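Beneath this line is the structure, given in structure tokens, with notes to follow.
Protein chains: 2
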Amino acid sequence: MKLKEIGEFGFIDRFSPSFQELLTKNLTGIGDDCAILPMNDQEDLLVTTDLLMEDVHFLRSAITPGQLGYKSVAVNLSDIASMGGTPIGTFLSIAIPPDMDVEYLDELMAGYHAISQKYQVPLLGGDTTKSVKHLAINVCVLGKIEKGKARLRSMAQAGDAICVSGPLGDSAGGLKVVLNDLAQVDDYSYLVERHHLPEPRIAEGNLLKEFGGVHAMMDISDGIASDLKHILKASGKAARVKLDQLPVSDELKRVCQSQGWKVDELASGGGEDYELLFTVAADRVEALQKAFTNQFGKSFTVIGQIEAGEPQIHWSRNGNAVEFSKGGFNHFG
Amino acid sequence: MKLKEIGEFGFIDRFSPSFQELLTKNLTGIGDDCAILPMNDQEDLLVTTDLLMEDVHFLRSAITPGQLGYKSVAVNLSDIASMGGTPIGTFLSIAIPPDMDVEYLDELMAGYHAISQKYQVPLLGGDTTKSVKHLAINVCVLGKIEKGKARLRSMAQAGDAICVSGPLGDSAGGLKVVLNDLAQVDDYSYLVERHHLPEPRIAEGNLLKEFGGVHAMMDISDGIASDLKHILKASGKAARVKLDQLPVSDELKRVCQSQGWKVDELASGGGEDYELLFTVAADRVEALQKAFTNQFGKSFTVIGQIEAGEPQIHWSRNGNAVEFSKGGFNHFG
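This is the structure:
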């Protein structure tokens, strides 16, 4: 049997049960954005790691080395943000093709440094080694959070409003611009930048974890059609989502209109926006919106609600139920 | 300029100064086997990570998937051992070629599980993704150690005896058996097993860190000719090492004799033995040897001594100074 027949989640399901017995109390194992470990009386430790492979996650011809260095840290900081945590430090493992220019690597590390400085996160170690052909970058990030404050995928409750912290689909639109080799100007360059330079929503996550009534949380890496299902499975709940409520940038709308792309497919199925997806008790939404807008000068968007039921998403558009077959980005599709 | 002109350490030297400013107090950055972070009043956190790339660190045709899974954890546990620490948990990032058999991965994870169970270290998370061609495996391990007990590369003192916890060169001999396609029987199979299934010296490291007079410590991953230099540079000391005192297994001696390989080149320059290299106050060696032998039923070996002076190794054989040009394994050689 080939791996592509069962996919990455199928593979994880095959080995993870045998490791359950090794978990001691207070350890959260495989299955959330970060692992949670006890650190001290006040705080828990968060750990997350992401492996970026050339020609799978990025094309060397399409992303500048500086953007690549920036993004490789951003996607991990986003996992820390998605629990409500604060990053402590990063670890970089990099496997480098032997003919690579040092100048390329200098730029890559300049991008890595720029985001490290922006979020004041030190680089604490790693591994530098050789690759036969493809550049491989693994970043591991440690973070911390006050004990008991981490927001998990399993915390959604029936009646919760389902919310997202910012526009959806920009990154997927940017990827289409790159793959279709469209001129990167105006709206098109905006989308490509959103794809190459995502921002981890650390401050937003910090506000949300402090706010009573915010329940489940995760970051949007594979697209809400896929990511929301993780929350539903972990929480044992169903969801209703209104496609017409998905927040979409004007830039994406205009590009979709002129290219004939379906905007709600990109907004629901496209990955790598790295906005936060969270659920909030319905009676707390208004107060949270006020606090959120006050602090960030932008609002979050309610896109649906959590219900009792089998873990699936019931989509609607302008009040009419619709089937939605295109899933999120599947690594082994 | 190509990376192979400056090597991996040259690359690290280029970017690490710019990250210094981001280090806050109590954080040990790049440069030791593990990073050390404050965890709580009693303990520090240790973090290490290693990236294994197919056709660079392993050949899929030469190592079984079970051995590969075992070794990918072992080399990281060895870094925890080398500080005197105890492992807490592991994180596995794996990039998989799409045509790979699930059965191969099952075996790989069985090996990963075997060592996890042997040392009672849970798998706490990771990332599973696709690779275009080569299998890539990054393991990150967290460990802990009582505050102030971690043994660093910088702690060697003039007059210290330089010691190793077990035989040297077996792994390098095993690699030569594999690369020369020799029949893997008897002594030859012993060496290959030492190459494919290294054991992290966690218990040994735990005894050593408790023992007054044990100063610098690291694990032997690149060969003592290379690894000892890291201690000398970090400590600002010189070393005298007696090639004739290097501990060598009978198996390696016999294979070297019949193949015409130079045993002390393998023992001094060959990597991946994952024994511990440590320095001990001269007047504590005898007491330490007694405690070590008592606990492990084997002795460690004194191979030379630390002296004041420029960070270099002065080699001798049977009392005569010798030049030693072949360095340890250089990833970008």
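In order, the protein sequence lines correspond to chains A and B.
According to full-length UniProt numbering, the residues represented by the first sequence are 1 to 333, in order.
According to full-length UniProt numbering, the residues represented by the second sequence are 1 to 333, in order.
The beta carbon of each residue, even a glycine, is placed where N, CA and C say it ideally should be.
Values in this document were obtained by computation on a predicted structure and should not be read as measured data.
What first and last residue would you give for the alpha helix (DSSP H) that runs through residue 57/B? On the second sequence, position 57 is the one that residue 57/B refers to. Segment: none, residue 57/B is in no alpha helix (DSSP H) and carries neither H nor E.
Is residue 331/B helix, strand or coil by DSSP? The residue given as residue 331/B occupies position 331 in the second sequence. Low confidence applies here, because residue 331/B scores a pLDDT of 38, under 50, leaving its location unreliable; read the following figure in that light. Three-state DSSP puts residue 331/B in coil, outside helix and strand.
Specify the secondary structure class of residue 294/B as computed by DSSP and reduced to three states. As a first step, residue 294/B is located in the second sequence; it is residue number 294 there, counting from the start. In this structure, residue 294/B counts as helix in the three-state DSSP scheme.
According to DSSP, what are the bridge partners of residue 39/A? Here the question's residue 39/A lines up with position 39 in the first sequence. Partner(s): none; residue 39/A has no beta bridge.
Please go through the same chain and pick out, in chain order, the residues whose beta-carbon is closer than 6 angstroms to the beta-carbon of residue 76/B, but skip the five residues on each side of it. Sequence index remark: in the second sequence, residue 76/B carries index 76 (1-based). These residues qualify, in order along the chain: 48, 50, 139, 141.
Near residue 17/B, what residues of its chain come up, given a Cβ to Cβ distance below 7 angstroms and the 5 sequence neighbours on each side ignored? For the purposes of this step, residue 17/B is taken as residue 17 along the second sequence, with counting starting at 1. Excluding residues within five positions, none has a Cβ falling inside 7 angstroms.
Could you pull the DSSP bridge partners for residue 240/A from this structure? Looking up residue 240/A in the first sequence gives position 240. DSSP, once it has assigned bridges, lists 305/A, 314/A as partnering residue 240/A.
Which parts of the segment 135 to 217 of chain B are runs of the beta strand (DSSP E), unbroken and 3 residues or longer, counting only runs that do not cross its ends? 136 to 146, 161 to 164
Can you check whether the CB of residue 169/A is closer than 8 angstroms to the CB of residue 243/A? If you number the first sequence from 1, residue 243/A lands on position 243. If you number the first sequence from 1, residue 169/A lands on position 169. No, Cβ-Cβ distance for residue 243/A and residue 169/A is not below 8 angstroms.
Who are the near neighbours of residue 127/A in its chain, counting only those whose CB is closer than 6 angstroms to its CB and skipping five residues on each side? Locating residue 127/A in the first sequence gives position 127, counting from the first residue. Answer for residue 127/A: 93, listed in chain order.
Taking residue 52/A as the reference, which of 33/A, 73/A, 2/A, 115/A has the closest Cα? By one-based count along the first sequence, residue 52/A stands at place 52. It is 73/A.
Mind checking whether residue 101/A and residue 1/B have CB atoms under 8 angstroms apart? By 1-based counting over the first sequence, the position of residue 101/A is 101. By 1-based counting over the second sequence, the position of residue 1/B is 1. Going by C-beta atoms, residue 101/A is nearer than 8 angstroms to residue 1/B.
Are any of the Cβ atoms in chain B nearer than 8 angstroms to that of residue 327/A? Numbered from its first residue, the first sequence carries residue 327/A at position 327. Confidence at residue 327/A is low in this model, with a pLDDT of 48, below 50, so the placement of that residue should be treated as unreliable; the coordinate-derived value is given next. By this cut-off, residue 327/A is not an interface position.
Does residue 9/A come out as helix, strand or coil in the three-state DSSP assignment? Taking the first residue of the first sequence as 1, we reach residue 9/A at position 9. Helix.
So with Cβ pairs under 8 angstroms, would you call residue 134/A a contact of chain B? The sequence position of residue 134/A within the first sequence is 134, counting from 1. Yes, residue 134/A lies at the interface with chain B (some Cβ there is under 8 angstroms from its Cβ).
Residues in its own chain within less than 8 angstroms of residue 197/B by CB, not counting five upstream and five downstream? Against the second sequence, residue 197/B aligns to sequence position 197. So the qualifying residues of the chain are 67, 70, 71, 74.
Segment contact, 8 angstroms Cβ cut-off, at least three pairs: the segment 196 to 216 of chain A with the segment 243 to 258 of chain A: no
Burial state of residue 59/A, where buried means 16 or more other Cβ atoms lie within 10 Å: For this step, residue 59/A is matched to residue 59 along the first sequence. So residue 59/A counts as exposed.
So with CB distances below 7 angstroms, who are the chain A contacts of residue 128/B? In the second sequence, residue 128/B corresponds to position 128, counting from 1. Here the neighbours are 8, 11, 12.
For residue 85/B, count neighbouring Cβ atoms within 10 angstroms of its own Cβ and tell me buried if that reaches 16, exposed if not. As a position in the second sequence, residue 85/B is number 85, starting the count at 1. Under this definition residue 85/B is a buried residue.
How long is the line joining the alpha carbons of residue 186/B and residue 260/B, rounded to whole angstroms? To locate residue 186/B, count along the second sequence from 1; it is residue 186. To locate residue 260/B, count along the second sequence from 1; it is residue 260. About 18 angstroms.
Taking buried to mean at least 16 other C-beta atoms within 10 Å of its own C-beta, is residue 272/B buried or exposed? Start at 1 with the first residue of the second sequence, and residue 272/B comes out as number 272. Buried is the call here.
Three or more beta-carbon pairs under 8 angstroms between the segment 107 to 121 of chain B and the segment 158 to 175 of chain B, yes or no? no
Could you tell me whether the Cβ of residue 347/A comes closer than 8 angstroms to any Cβ of chain B? In this structure chain A extends from 1 to 333, so residue 347/A is not present and cannot be described.
Using the three-state DSSP reduction, which class does residue 19/A fall into: helix, strand or coil? Against the first sequence, residue 19/A aligns to sequence position 19. Residue 19/A falls in the helix class under three-state DSSP.
Sort 301/B, 321/B, 201/B by Cα distance to residue 83/B and report the nearest one. As a working mapping, residue 83/B is identified with position 83 in the second sequence. Residue 83/B has its Cα closest to that of 201/B, out of 301/B, 321/B, 201/B.
Is residue 70/A near the ligand SAH, with its Cβ less than 7 angstroms from a heavy atom? The ligand SAH is absent from the structure shown, which contains no ligand whatsoever.
I believe residue 132/B touches residue 55/A by the beta-carbon criterion, under 8 angstroms. Please report the beta-carbon distance rounded to the nearest angstrom. Within the second sequence, numbered from 1, the residue matching residue 132/B stands at position 132. Within the first sequence, numbered from 1, the residue matching residue 55/A stands at position 55. Right, their Cβ atoms sit about 5 angstroms apart.
Using a 10 Å radius around the Cβ and a threshold of 16 neighbouring Cβ atoms, would you call residue 210/B buried or exposed? Along the second sequence, read from residue 1 onward, the residue named residue 210/B stands at position 210. Residue 210/B should be labelled exposed.
Span of the alpha helix (DSSP H) holding residue 130/A? Residue 130/A sits at position 130 when you count from the first residue of the first sequence. Element bounds for residue 130/A: not the alpha helix (DSSP H) but the beta strand (DSSP E), 123 to 130.
When burial is assigned at 16 or more other CB atoms within 10 Å of the CB, is residue 323/B buried or exposed? Reading the second sequence from its first residue, position 323 is the one you call residue 323/B. Exposed: under 16 other Cβ atoms inside 10 Å.
Nearest chain A C-beta to residue 88/B closer than 8 angstroms, yes or no? The residue labelled residue 88/B in the question sits at position 88 within the second sequence. Chain A contact via Cβ: present.
Element boundaries [beta strand (DSSP E), containing residue 95/A]: Position 95 of the first sequence, counting from 1, holds the residue named residue 95/A. Run containing residue 95/A: 86 to 96, per the beta strand (DSSP E) assignment.
List the residues of chain B that residue 67/A touches, going by C-beta distances under 9 angstroms, in chain order. One-based indexing of the first sequence puts residue 67/A at position 67. Under the 9 angstroms cutoff, chain B gives no residues; its nearest Cβ is about 17 angstroms from residue 67/A.
Under a Cβ-count criterion, where at least 16 other Cβ atoms within 10 Å of its own Cβ denotes burial, should residue 15/A be classed as buried or exposed? Reading the first sequence from its first residue, position 15 is the one you call residue 15/A. By the neighbour-count rule (16 or more Cβ atoms within 10 Å), residue 15/A is buried.
From what residue to what residue does the alpha helix (DSSP H) around residue 232/A run? Counting from one through the first sequence, the residue named residue 232/A turns up at place 232. Taken as a continuous stretch (DSSP letters only), the alpha helix (DSSP H) holding residue 232/A covers 224 to 235.
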